[in-house]
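Protein chains in written order, with this note's numbering: chain A, 4 to 369; chain B, 4 to 369.
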């Protein structure tokens, strides 16, 4: 599709995993941002097929992904597991769609952009130059914990050079999707009622527990989630040797991941200067007034777009170290929003073109 | 009191803050360990005075601390705020009691032992040598987060020398006492019922939130809780220059603090060797079989005595670094149990003497 087509009829979009937490948030984000949606098809597993989902005042019937005809889409937004992504994403790219997907499949493949638009837009510029005619290409959305981390690392790297990064995460149940959220709420109620909690989604009951187990364990005792933070941070920042260390922990929070981050820099950077350069980073909001109990909180981040940073202070244990507290809505900036931002960059090339496309799409629906 | 007296009549004990979470746990721990309790008096604030508390089949009326006569006690176990401790602990020591207390008052004073019996028993040996006849002395129980940390740092230091310690905490509501626990449960139920949560004990609602605010903020952006971990770890280990860095976070867990710990050592120590030396540390239990989802959990630690450690692995970002996950019941080993262990060391000098004292106390009650 050319941007001229988008202006006339809107972007033809397939949403894969449309009934999930991220899938539904794709739709909210598209609507909020007045993305010029043309034809829209929703796909999910056979179990969820047949459900109806509302979008912009219309009902859409969810179709089974296995039977999907991938032809005719400009954009496919995927929120499915790695296995499903590996199987179906190539079908949509072969049919000419730009596939933007949330899963670990392909993320670390050298030819696949792993993009956070405010951090490494150059990865997308490369892609759009190589795409003549159809897109036929895929872009990976990084892991949620990585996205909010690199959003604050990027400006600090620009200011003082990153030497080492250490992170402890406080990850919400929403990171495990609707079933994770449901299990947290159900089992929390059970505990409050004096009953023993159970676990199906999580390895142990998450209600009133800090669970140091996100993803699966490797032989070295590192979880897949921790390894993603290490590998993806390096790829996104283009720092293949950056020392990164992580402990990932699921906590009984509904939506919004928090991170305690230690950053060592090559050159001195005092907290005031760090605060100033973080405040200039698009997509980052500094909330840092501890005397008034102002710092980022998951409850306040949930449902909003920015990555929040606060508790910016000197590391007393390191000569050139800073400590930060970083919070974001893991379903939005950590997944759906970041994916839509990628699509905006690639399909809505300029602001006037984007505006024209939106207006055209609205006329077509009216 | 001499140990001979203890053998005859049991130890005369005052419990200050007897109606609180730690105060009640003092009583449970004394009973479980068959501590030879003689005369027992319970003190609390005027608000709680008049309540009755059960111990060993008898009812005790709680008295107002302000009106307390401190005479005639061998031991006073304090669980009160720093201000109350500063005011009343000297009254009991002046009257000849050994005061073992949980609060930040006096902890950092050079003459005051800050004791974790399995870690720095030498601090207590010093005290008992100087105590001729009456005790007239105080011993401080460290901050709960510090106790479980030094329990694992000590054997690692002995094996390989500590070079730097970094810790992110996941602290339970019980650290803020019964009112903290109550607020977490009440407000969690409120959120589940669709209402907005409120906060009185915590700075913001803790229900479904990770709150990077434990204690009060200093001008440098470090909280009092974080500063305690730094200062107390150094004092207990006798390493006054050890670089220590902490971010302390309250999480919606009822009882049991968890900690993600990064340890840098002077000499190489592989995870297998670390596991072996941790397993030999009295009071520490290694739970580390991630392939079977075995690692320390707050729910399993709550109500038990050990400090649990797991997820012991190499730090991929540092040449001589280890990462650990450390969990303990913050009300027991983090407070009441540690205090009673100190009293046992100082008042029940040898195992046979302790046993005789227990039996004598039981006969006296029969």
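We put the beta carbon where it would ideally sit given N, CA and C, even for glycine.
Could you name the residues of the same chain whose beta carbon sits closer than 6 Å to that of residue i, not counting the 5 residues immediately before and after it, in chain order?
i: residue 30 (chain B); result: 58
i: residue 126 (chain A); result: 116 and 118
i: residue 313 (chain B); result: 290, 291, 298, 299 and 328
i: residue 342 (chain A); result: 80, 103 and 144
i: residue 87 (chain A); result: none
i: residue 95 (chain B); result: 73, 79 and 102
i: residue 67 (chain A); result: 49 and 52
i: residue 243 (chain A); result: 237
i: residue 228 (chain A); result: 217, 218 and 251
i: residue 123 (chain B); result: 239
i: residue 348 (chain A); result: 120 and 127
Should residue i go down as buried or exposed, given a rule of 16 or more other Cβ atoms within 10 Å for buried?
i: residue 284 (chain B); result: buried
i: residue 54 (chain B); result: exposed
i: residue 49 (chain A); result: exposed
i: residue 41 (chain A); result: buried
i: residue 322 (chain B); result: exposed
i: residue 70 (chain A); result: exposed
i: residue 219 (chain B); result: exposed
i: residue 189 (chain B); result: exposed
i: residue 241 (chain B); result: exposed
i: residue 295 (chain A); result: exposed
i: residue 128 (chain B); result: exposed
i: residue 17 (chain B); result: buried
i: residue 282 (chain B); result: exposed
i: residue 1 (chain B); result: No information on residue 1 (chain B) is available, as it lies outside the stretch 4 to 369 that chain B covers here.
i: residue 178 (chain B); result: buried
i: residue 176 (chain A); result: buried
i: residue 97 (chain A); result: exposed
Nearest by alpha-carbon distance to residue i: which of the options is it?
i: residue 78 (chain B); options: B:124, B:190 and B:102; result: B:102
i: residue 142 (chain A); options: A:154, A:104, A:157 and A:121; result: A:104
i: residue 328 (chain A); options: B:266, B:208, B:172 and B:211; result: B:172
i: residue 76 (chain A); options: A:49, A:34, A:128 and A:19; result: A:19
i: residue 269 (chain A); options: A:160, A:178 and A:230; result: A:160
i: residue 250 (chain B); options: A:13, A:316 and A:339; result: A:316
i: residue 156 (chain B); options: B:294, B:265 and B:319; result: B:265
i: residue 211 (chain B); options: B:24, B:186, B:16 and B:217; result: B:186
i: residue 113 (chain A); options: A:295, A:234, A:252 and A:322; result: A:234
i: residue 45 (chain A); options: A:165, A:65 and A:124; result: A:65
i: residue 107 (chain B); options: B:169, B:148 and B:153; result: B:148
i: residue 47 (chain B); options: B:26, B:60 and B:111; result: B:26
i: residue 247 (chain B); options: B:347, B:167 and B:158; result: B:167
i: residue 21 (chain A); options: A:12, A:39, A:37 and A:43; result: A:43
i: residue 258 (chain B); options: B:306, B:271 and B:193; result: B:306
i: residue 214 (chain B); options: B:193, B:16 and B:255; result: B:255
i: residue 201 (chain B); options: A:302, A:348, A:231 and A:308; result: A:302
i: residue 271 (chain A); options: A:122, A:163, A:153 and A:91; result: A:163
i: residue 231 (chain B); options: B:348, B:191, B:140 and B:170; result: B:170
i: residue 286 (chain B); options: B:97, B:293 and B:158; result: B:158
i: residue 184 (chain A); options: B:253, B:28, B:195 and B:183; result: B:195
Using a Cβ-Cβ cut-off of 8 Å (strictly less than) and excluding sequence neighbours within five positions of residue i, which residues of its own chain qualify?
i: residue 151 (chain B); result: 260, 262, 310, 329, 330, 331, 333, 336 and 337
i: residue 274 (chain B); result: 315, 316, 317 and 325
i: residue 198 (chain A); result: none
i: residue 278 (chain B); result: 289, 291 and 315
i: residue 346 (chain B); result: 14, 38, 78, 80, 101 and 103
i: residue 89 (chain B); result: 108 and 109
i: residue 319 (chain B); result: none
Leaving out the 5 sequence neighbours to the left and right, which residues in its chain are closer than 7 Å to residue i when beta-carbon positions are compared?
i: residue 62 (chain A); result: 55
i: residue 35 (chain A); result: none
i: residue 23 (chain B); result: 82, 180 and 181
i: residue 267 (chain A); result: 166, 167, 321, 323 and 324
i: residue 33 (chain B); result: 40 and 343
i: residue 137 (chain B); result: Model confidence at residue 137 (chain B) stands at a pLDDT of 42, short of 50, so the residue's coordinates are unreliable and nothing is read from them.
i: residue 84 (chain A); result: 106
For this session: Determine, using beta-carbon pairs with one atom in the region 200–207 of chain B and one in the region 222–242 of chain B, whether at least three such pairs fall under 8 Å.
Result: no
Exercise. Which runs of the beta strand (DSSP E), 3 residues or longer, sit entirely within the region 43–81 of chain A?
Worked result: Taking 3 residues as the minimum length, the beta strand (DSSP E) runs contained wholly in the region 43–81 of chain A are 55–58 and 61–64, in order along the chain.
Problem set entry | Secondary structure, alpha helix (DSSP H): runs of 4+ residues fully inside the region 145–196 of chain B | With a minimum length of 4 residues, the continuous alpha helix (DSSP H) runs that stay inside the region 145–196 of chain B are 147–163 and 180–195.
Exercise. For the region 266–328 of chain B, which segments carrying the alpha helix (DSSP H) assignment without a break, of at least 4 residues, lie completely within its bounds, in sequence order?
Worked result: 274–282 and 301–304
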